[in-house]
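K.L.:
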Amino acid sequence: MQIDIKTSNVKPIRNTYKYVEKRFGDKVASRYQEASYDIQEEINFHYRPLWQPEHEIFDTARTVIKMQDWYVLKDPRQLYYGSYTQTRARQQEVLESNFTFVEKNQLLSNISAAILEKAEKLLLPLRHYEWGANMNNSFITGYAYGATLTNATMFATMDRLGSAQYLSRIGLLLDGNQGISLEQAKQDWLGCACWQPLRQSMEQMFLVKDWYELFIAQNLVFDGYFYPLVKLIVDRDLVVHGAAAISLLTAFMNEWFEETQPWVNSVLKTTAAESEHNRQQLINWIANWQGQARSAVLALLQAFDGDETDLELLDDLFAKRLSKIGLNLVEVAA
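As C-alpha coordinates, this is what we get:
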(Lines of atoms letter the chains of each structure in order from A and count residues from 1; the text may use other names and numbers.)
(Lines give C-alpha, C1' and ligand atoms only; values in the text may rest on other atoms or scores of the structure.)
Protein backbone atom coordinates (compact mmCIF):
# COMPACT_ATOMS: atom_id res chain seq x y z
CA MET A 1 0.00 0.00 0.00
CA GLN A 2 1.39 3.36 -1.00
CA ILE A 3 0.43 6.65 0.58
CA ASP A 4 1.11 9.84 -1.33
CA ILE A 5 1.41 12.90 0.85
CA LYS A 6 0.74 16.06 -1.03
CA THR A 7 1.33 19.58 0.17
CA SER A 8 -0.51 22.60 -1.06
CA ASN A 9 -0.01 26.27 -0.58
CA VAL A 10 -2.95 28.41 0.37
CA LYS A 11 -2.63 31.83 -1.14
CA PRO A 12 -4.53 34.52 0.74
CA ILE A 13 -7.14 36.38 -1.25
CA ARG A 14 -5.75 39.68 0.00
CA ASN A 15 -2.73 40.81 1.97
CA THR A 16 -4.49 43.21 4.29
CA TYR A 17 -7.55 45.40 4.71
CA LYS A 18 -8.37 47.86 1.96
CA TYR A 19 -7.92 50.93 4.16
CA VAL A 20 -4.46 49.73 5.21
CA GLU A 21 -3.58 48.92 1.60
CA LYS A 22 -4.40 52.51 0.59
CA ARG A 23 -1.81 53.80 3.03
CA PHE A 24 0.96 51.20 2.90
CA GLY A 25 0.45 49.44 -0.42
CA ASP A 26 -0.68 45.95 -1.38
CA LYS A 27 1.56 43.98 0.96
CA VAL A 28 1.29 42.09 4.20
CA ALA A 29 0.69 44.56 7.02
CA SER A 30 1.65 44.27 10.65
CA ARG A 31 -0.93 43.74 13.35
CA TYR A 32 -0.09 47.20 14.68
CA GLN A 33 -0.86 48.80 11.31
CA GLU A 34 -4.17 46.98 10.94
CA ALA A 35 -5.26 47.83 14.48
CA SER A 36 -4.17 51.47 14.47
CA TYR A 37 -4.31 53.24 11.11
CA ASP A 38 -7.27 54.95 9.46
CA ILE A 39 -9.91 53.72 11.88
CA GLN A 40 -10.80 57.16 13.25
CA GLU A 41 -14.49 57.92 12.74
CA GLU A 42 -14.82 60.72 10.18
CA ILE A 43 -18.39 60.64 8.82
CA ASN A 44 -22.00 59.92 9.77
CA PHE A 45 -21.86 61.66 13.11
CA HIS A 46 -24.90 62.39 15.24
CA TYR A 47 -26.07 66.00 15.49
CA ARG A 48 -23.81 68.45 17.31
CA PRO A 49 -24.56 68.65 21.05
CA LEU A 50 -26.08 71.75 22.63
CA TRP A 51 -23.31 71.87 25.21
CA GLN A 52 -20.63 72.23 22.51
CA PRO A 53 -22.22 73.08 19.15
CA GLU A 54 -18.97 74.41 17.69
CA HIS A 55 -17.48 70.89 17.46
CA GLU A 56 -18.27 67.55 15.94
CA ILE A 57 -17.93 64.66 18.37
CA PHE A 58 -14.58 63.79 16.73
CA ASP A 59 -13.03 67.03 15.58
CA THR A 60 -9.48 68.07 14.71
CA ALA A 61 -10.35 71.59 15.87
CA ARG A 62 -10.41 70.52 19.51
CA THR A 63 -6.74 71.52 19.68
CA VAL A 64 -4.84 74.47 18.22
CA ILE A 65 -2.19 72.05 16.95
CA LYS A 66 -2.51 71.42 13.21
CA MET A 67 -1.45 68.25 11.42
CA GLN A 68 -1.93 67.26 7.78
CA ASP A 69 -2.10 63.62 8.82
CA TRP A 70 -2.79 62.80 12.46
CA TYR A 71 -1.68 59.22 11.93
CA VAL A 72 1.97 60.26 11.82
CA LEU A 73 1.78 60.47 15.63
CA LYS A 74 2.56 56.79 15.91
CA ASP A 75 3.73 54.71 18.84
CA PRO A 76 7.35 53.48 18.40
CA ARG A 77 6.50 50.58 20.73
CA GLN A 78 3.86 49.52 18.17
CA LEU A 79 1.45 48.47 20.88
CA TYR A 80 -2.03 47.35 19.94
CA TYR A 81 -4.49 45.63 22.25
CA GLY A 82 -2.98 42.16 21.90
CA SER A 83 0.66 43.13 22.33
CA TYR A 84 -0.21 45.62 25.08
CA THR A 85 -2.05 43.11 27.23
CA GLN A 86 0.64 40.46 26.72
CA THR A 87 3.40 42.92 27.65
CA ARG A 88 1.60 44.12 30.76
CA ALA A 89 0.78 40.55 31.81
CA ARG A 90 4.46 39.62 31.75
CA GLN A 91 5.37 42.76 33.68
CA GLN A 92 2.66 42.07 36.23
CA GLU A 93 4.02 38.58 36.83
CA VAL A 94 7.41 40.06 37.71
CA LEU A 95 5.87 42.70 39.96
CA GLU A 96 3.66 40.16 41.72
CA SER A 97 6.74 38.04 42.41
CA ASN A 98 8.43 41.11 43.89
CA PHE A 99 5.51 41.72 46.24
CA THR A 100 5.37 38.04 47.18
CA PHE A 101 9.13 37.96 47.85
CA VAL A 102 8.98 41.04 50.08
CA GLU A 103 5.94 39.79 51.99
CA LYS A 104 7.05 36.16 52.34
CA ASN A 105 10.50 37.10 53.63
CA GLN A 106 9.16 39.95 55.80
CA LEU A 107 11.69 42.34 54.32
CA LEU A 108 9.81 45.39 55.56
CA SER A 109 10.30 44.26 59.17
CA ASN A 110 14.04 44.85 58.80
CA ILE A 111 13.56 48.52 57.95
CA SER A 112 13.49 51.16 60.67
CA ALA A 113 10.17 52.77 61.54
CA ALA A 114 11.48 56.21 60.55
CA ILE A 115 12.42 55.04 57.04
CA LEU A 116 9.11 53.22 56.59
CA GLU A 117 7.28 56.38 57.64
CA LYS A 118 9.24 58.38 55.07
CA ALA A 119 8.36 55.82 52.37
CA GLU A 120 4.71 56.03 53.36
CA LYS A 121 4.71 59.84 53.32
CA LEU A 122 6.33 59.90 49.86
CA LEU A 123 4.64 57.10 47.97
CA LEU A 124 1.07 56.82 49.16
CA PRO A 125 -0.18 60.34 48.33
CA LEU A 126 1.04 59.65 44.79
CA ARG A 127 -2.00 57.38 44.45
CA HIS A 128 -3.99 60.55 43.92
CA TYR A 129 -1.50 61.90 41.39
CA GLU A 130 -1.75 58.65 39.41
CA TRP A 131 -5.54 58.75 39.59
CA GLY A 132 -5.46 62.29 38.25
CA ALA A 133 -3.17 61.14 35.45
CA ASN A 134 -5.67 58.38 34.70
CA MET A 135 -8.44 60.98 34.35
CA ASN A 136 -6.27 63.25 32.21
CA ASN A 137 -5.30 60.52 29.77
CA SER A 138 -8.91 59.41 29.61
CA PHE A 139 -9.86 62.95 28.55
CA ILE A 140 -7.10 62.94 25.93
CA THR A 141 -8.32 59.61 24.59
CA GLY A 142 -11.87 60.86 24.34
CA TYR A 143 -11.14 64.08 22.47
CA ALA A 144 -7.88 63.52 20.58
CA TYR A 145 -7.82 62.60 16.91
CA GLY A 146 -6.22 59.61 15.19
CA ALA A 147 -6.18 56.08 16.56
CA THR A 148 -2.38 55.75 16.53
CA LEU A 149 -2.40 58.35 19.29
CA THR A 150 -5.64 57.56 21.11
CA ASN A 151 -4.83 53.84 21.32
CA ALA A 152 -1.60 54.71 23.12
CA THR A 153 -3.25 57.24 25.43
CA MET A 154 -5.91 54.67 26.33
CA PHE A 155 -3.14 52.26 27.29
CA ALA A 156 -1.59 55.04 29.37
CA THR A 157 -4.99 55.62 30.99
CA MET A 158 -5.13 52.05 32.23
CA ASP A 159 -1.44 52.05 33.19
CA ARG A 160 -2.03 54.96 35.54
CA LEU A 161 -4.94 53.17 37.18
CA GLY A 162 -2.68 50.16 37.67
CA SER A 163 0.04 52.34 39.19
CA ALA A 164 -2.45 53.83 41.67
CA GLN A 165 -3.54 50.33 42.66
CA TYR A 166 0.01 49.12 43.23
CA LEU A 167 0.82 52.17 45.33
CA SER A 168 -2.26 51.28 47.37
CA ARG A 169 -0.92 47.76 47.83
CA ILE A 170 2.35 49.17 49.12
CA GLY A 171 0.32 51.04 51.73
CA LEU A 172 -1.51 47.87 52.73
CA LEU A 173 1.83 46.07 53.09
CA LEU A 174 3.10 48.86 55.31
CA ASP A 175 0.11 48.87 57.68
CA GLY A 176 -0.75 45.18 57.72
CA ASN A 177 -3.79 45.44 55.44
CA GLN A 178 -5.55 47.86 57.79
CA GLY A 179 -5.97 50.67 55.27
CA ILE A 180 -5.01 53.27 57.87
CA SER A 181 -2.01 54.40 55.84
CA LEU A 182 -4.19 55.01 52.78
CA GLU A 183 -6.59 57.18 54.74
CA GLN A 184 -3.68 59.16 56.15
CA ALA A 185 -2.24 59.56 52.65
CA LYS A 186 -5.56 61.02 51.53
CA GLN A 187 -5.44 63.52 54.37
CA ASP A 188 -1.84 64.40 53.46
CA TRP A 189 -2.88 64.97 49.84
CA LEU A 190 -5.72 67.22 50.95
CA GLY A 191 -3.98 69.11 53.73
CA CYS A 192 -0.22 68.71 53.91
CA ALA A 193 1.51 71.86 52.63
CA CYS A 194 4.15 69.98 50.63
CA TRP A 195 1.50 68.34 48.42
CA GLN A 196 -0.69 71.36 47.76
CA PRO A 197 1.24 72.79 44.77
CA LEU A 198 1.01 69.41 43.00
CA ARG A 199 -2.63 68.98 43.95
CA GLN A 200 -3.43 72.47 42.68
CA SER A 201 -1.70 71.80 39.36
CA MET A 202 -3.54 68.50 38.93
CA GLU A 203 -6.88 70.20 39.52
CA GLN A 204 -5.94 72.92 37.03
CA MET A 205 -5.23 70.22 34.46
CA PHE A 206 -8.79 68.96 34.89
CA LEU A 207 -9.96 72.30 33.49
CA VAL A 208 -7.78 72.26 30.36
CA LYS A 209 -9.92 72.00 27.22
CA ASP A 210 -7.18 71.58 24.61
CA TRP A 211 -6.31 67.89 24.79
CA TYR A 212 -2.83 68.40 23.33
CA GLU A 213 -1.97 70.95 26.02
CA LEU A 214 -3.09 68.39 28.58
CA PHE A 215 -0.87 65.79 26.90
CA ILE A 216 2.06 68.20 27.33
CA ALA A 217 1.23 69.06 30.94
CA GLN A 218 0.67 65.51 32.18
CA ASN A 219 2.74 63.17 30.05
CA LEU A 220 5.73 65.38 29.34
CA VAL A 221 6.17 68.02 32.03
CA PHE A 222 4.78 66.66 35.28
CA ASP A 223 5.71 63.03 34.64
CA GLY A 224 9.06 64.27 33.37
CA TYR A 225 9.74 65.85 36.75
CA PHE A 226 7.95 63.65 39.25
CA TYR A 227 9.06 60.19 38.18
CA PRO A 228 12.77 61.14 38.39
CA LEU A 229 12.02 62.95 41.67
CA VAL A 230 10.52 59.85 43.28
CA LYS A 231 13.42 57.70 42.07
CA LEU A 232 15.88 60.25 43.46
CA ILE A 233 14.32 60.25 46.92
CA VAL A 234 13.87 56.46 47.03
CA ASP A 235 17.49 55.81 46.05
CA ARG A 236 19.01 58.55 48.22
CA ASP A 237 16.86 58.49 51.34
CA LEU A 238 15.42 54.99 51.49
CA VAL A 239 17.59 52.41 49.75
CA VAL A 240 20.86 53.62 51.29
CA HIS A 241 19.26 53.22 54.72
CA GLY A 242 18.40 49.57 54.21
CA ALA A 243 15.08 49.91 52.40
CA ALA A 244 16.01 47.98 49.26
CA ALA A 245 12.61 46.29 49.51
CA ILE A 246 10.95 49.62 48.72
CA SER A 247 12.99 49.78 45.52
CA LEU A 248 11.67 46.33 44.57
CA LEU A 249 8.10 47.42 45.19
CA THR A 250 8.45 50.61 43.14
CA ALA A 251 10.46 49.13 40.26
CA PHE A 252 7.35 49.19 38.07
CA MET A 253 7.28 53.00 38.19
CA ASN A 254 10.81 53.35 36.85
CA GLU A 255 10.30 50.69 34.18
CA TRP A 256 7.03 52.23 33.01
CA PHE A 257 8.55 55.71 32.78
CA GLU A 258 11.52 54.43 30.76
CA GLU A 259 9.16 52.59 28.41
CA THR A 260 6.78 55.48 27.77
CA GLN A 261 9.36 58.26 27.34
CA PRO A 262 10.21 57.30 23.73
CA TRP A 263 6.51 57.32 22.82
CA VAL A 264 5.86 60.79 24.29
CA ASN A 265 9.10 62.11 22.79
CA SER A 266 8.20 60.74 19.36
CA VAL A 267 4.75 62.35 19.39
CA LEU A 268 6.15 65.75 20.33
CA LYS A 269 9.09 65.58 17.92
CA THR A 270 6.80 64.73 15.01
CA THR A 271 4.35 67.47 15.96
CA ALA A 272 7.07 70.11 16.25
CA ALA A 273 8.54 69.11 12.89
CA GLU A 274 5.18 69.62 11.17
CA SER A 275 5.25 73.42 11.33
CA GLU A 276 6.73 76.41 13.13
CA HIS A 277 3.25 77.16 14.47
CA ASN A 278 3.17 73.79 16.22
CA ARG A 279 6.70 74.17 17.51
CA GLN A 280 6.06 77.56 19.08
CA GLN A 281 2.81 76.37 20.62
CA LEU A 282 4.56 73.40 22.24
CA ILE A 283 7.25 75.71 23.61
CA ASN A 284 4.64 78.04 25.12
CA TRP A 285 2.79 75.19 26.80
CA ILE A 286 5.99 73.69 28.17
CA ALA A 287 7.07 77.05 29.57
CA ASN A 288 3.75 77.48 31.36
CA TRP A 289 3.54 74.02 32.89
CA GLN A 290 7.23 73.66 33.66
CA GLY A 291 7.06 76.57 36.08
CA GLN A 292 4.22 74.91 37.95
CA ALA A 293 5.99 71.55 37.99
CA ARG A 294 9.17 73.09 39.39
CA SER A 295 7.23 74.76 42.21
CA ALA A 296 5.51 71.49 43.09
CA VAL A 297 8.80 69.59 42.99
CA LEU A 298 10.57 72.12 45.19
CA ALA A 299 7.83 71.89 47.83
CA LEU A 300 8.30 68.12 48.03
CA LEU A 301 12.09 68.33 47.98
CA GLN A 302 12.04 70.66 50.96
CA ALA A 303 9.75 68.26 52.82
CA PHE A 304 12.08 65.33 52.11
CA ASP A 305 15.41 66.97 53.00
CA GLY A 306 16.20 68.05 49.45
CA ASP A 307 17.16 71.44 48.12
CA GLU A 308 17.53 73.49 44.97
CA THR A 309 20.59 71.45 43.96
CA ASP A 310 18.30 68.47 43.50
CA LEU A 311 15.90 70.64 41.52
CA GLU A 312 18.77 71.68 39.25
CA LEU A 313 19.51 68.00 38.65
CA LEU A 314 15.90 67.39 37.61
CA ASP A 315 16.01 70.52 35.44
CA ASP A 316 19.08 69.15 33.69
CA LEU A 317 17.41 65.79 33.00
CA PHE A 318 14.37 67.55 31.60
CA ALA A 319 16.50 69.89 29.47
CA LYS A 320 18.34 66.92 27.94
CA ARG A 321 15.03 65.30 27.13
CA LEU A 322 13.75 68.47 25.46
CA SER A 323 16.97 68.70 23.48
CA LYS A 324 16.40 65.20 22.09
CA ILE A 325 12.90 66.22 21.07
CA GLY A 326 14.24 69.35 19.39
CA LEU A 327 12.75 71.88 21.80
CA ASN A 328 15.64 73.75 23.38
CA LEU A 329 15.32 74.60 27.05
CA VAL A 330 16.81 78.05 26.43
CA GLU A 331 13.94 78.80 24.06
CA VAL A 332 11.47 77.59 26.66
CA ALA A 333 12.98 79.82 29.34
CA ALA A 334 12.96 82.78 26.96
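Using this note's numbering, read the sequence shown as starting at 1 and increasing by one per residue. Glycine included, each C-beta is placed from N, C-alpha and C at the ideal position.
Measure the C-alpha to C-alpha separation of LYS22 and THR16 and round it to an integer number of angstroms.
P.N.:
For the purposes of this step, residue 22 is identified with residue 22 of the sequence shown, where counting begins at 1. For the purposes of this step, residue 16 is identified with residue 16 of the sequence shown, where counting begins at 1. About 10 Å.
K.L.:
Residue ranges of each alpha helix (DSSP H) run of no fewer than 4 residues wholly in the stretch 109–137, ordered along the chain?
P.N.:
Whole alpha helix (DSSP H) segments, 4+ residues: 113–123.
K.L.:
Taking the alpha-carbon positions, what's the LEU395 to ALA319 distance?
P.N.:
Outside the shown range of the chain, which is 1 to 334, sits residue 395, and nothing can be said about it.
K.L.:
Quick check: what's the CA-CA separation for SER165 versus GLN86?
P.N.:
For the purposes of this step, residue 165 is identified with residue 165 of the sequence shown, where counting begins at 1. For the purposes of this step, residue 86 is identified with residue 86 of the sequence shown, where counting begins at 1. First, the residue type needs correcting, since residue 165 is Gln and not Ser in the sequence shown. Those two C-alpha atoms are separated by around 19 Å.
K.L.:
On the criterion of 16 or more Cβ atoms from any shown chain inside 10 Å, does VAL332 qualify as buried, or is it exposed?
P.N.:
Counting from one through the sequence shown, the residue named residue 332 turns up at place 332. Confidence in VAL332 is poor, its pLDDT being 42 and thus under 50, which makes the residue's placement too unreliable to answer from.
K.L.:
Short of 6 Å in beta carbon distance, which residues of its chain neighbour ALA119, apart from the five on each side in sequence? Order them along the chain.
P.N.:
Taking the first residue of the sequence shown as 1, we reach residue 119 at position 119. Same-chain partners within the cutoff: LEU238, ILE246.
K.L.:
Could you give the DSSP three-state label for ALA243: helix, strand or coil?
P.N.:
On the sequence shown, position 243 is the one that residue 243 refers to. Note: ALA243 maps to coil in three-state DSSP.
K.L.:
In the DSSP assignment, find the unbroken alpha helix (DSSP H) run with PHE58 in it and report its ends.
P.N.:
Translated into the one-based positions of the sequence shown, residue 58 becomes position 58. Here PHE58 belongs to no alpha helix (DSSP H), and DSSP marks it neither H nor E.
K.L.:
Let me confirm a value: VAL267 is counted as buried when at least 16 other C-beta atoms fall within 10 Å, else exposed. Which label applies?
P.N.:
Indexing the sequence shown from 1 puts residue 267 at position 267. VAL267 should be labelled buried.
K.L.:
Are the CB atoms of LEU300 and ASP310 nearer to each other than 7 Å?
P.N.:
Taking the first residue of the sequence shown as position 1, residue 300 is located at position 300. Taking the first residue of the sequence shown as position 1, residue 310 is located at position 310. No, they are not a contact pair.
K.L.:
Check whether the Cβ atoms of LYS348 and THR141 lie closer than 7 Å to each other.
P.N.:
No answer is possible for residue 348: the residues shown for the chain start at 1 and end at 334.
K.L.:
For ILE216, which of ASN9, ARG88, ASN98, ALA293 has the nearest alpha-carbon?
P.N.:
For this step, residue 216 is matched to residue 216 along the sequence shown. Here the closest residue by C-alpha is ALA293.
K.L.:
ASP4 by DSSP, collapsed to three states: which one?
P.N.:
In the sequence shown, residue 4 corresponds to position 4, counting from 1. Of the three classes helix, strand and coil, the one that applies to ASP4 here is coil, per DSSP.
K.L.:
Pull up the distance between the alpha-carbon of LEU232 and that of GLY224, whole angstroms please.
P.N.:
By 1-based counting over the sequence shown, the position of residue 232 is 232. By 1-based counting over the sequence shown, the position of residue 224 is 224. Looking at the two C-alpha atoms, the distance is approximately 13 Å.
K.L.:
Kindly indicate the opening and closing residues of the alpha helix (DSSP H) around ASP310.
P.N.:
For the purposes of this step, residue 310 is identified with residue 310 of the sequence shown, where counting begins at 1. Taken as a continuous stretch (DSSP letters only), the alpha helix (DSSP H) holding ASP310 covers 308–325.
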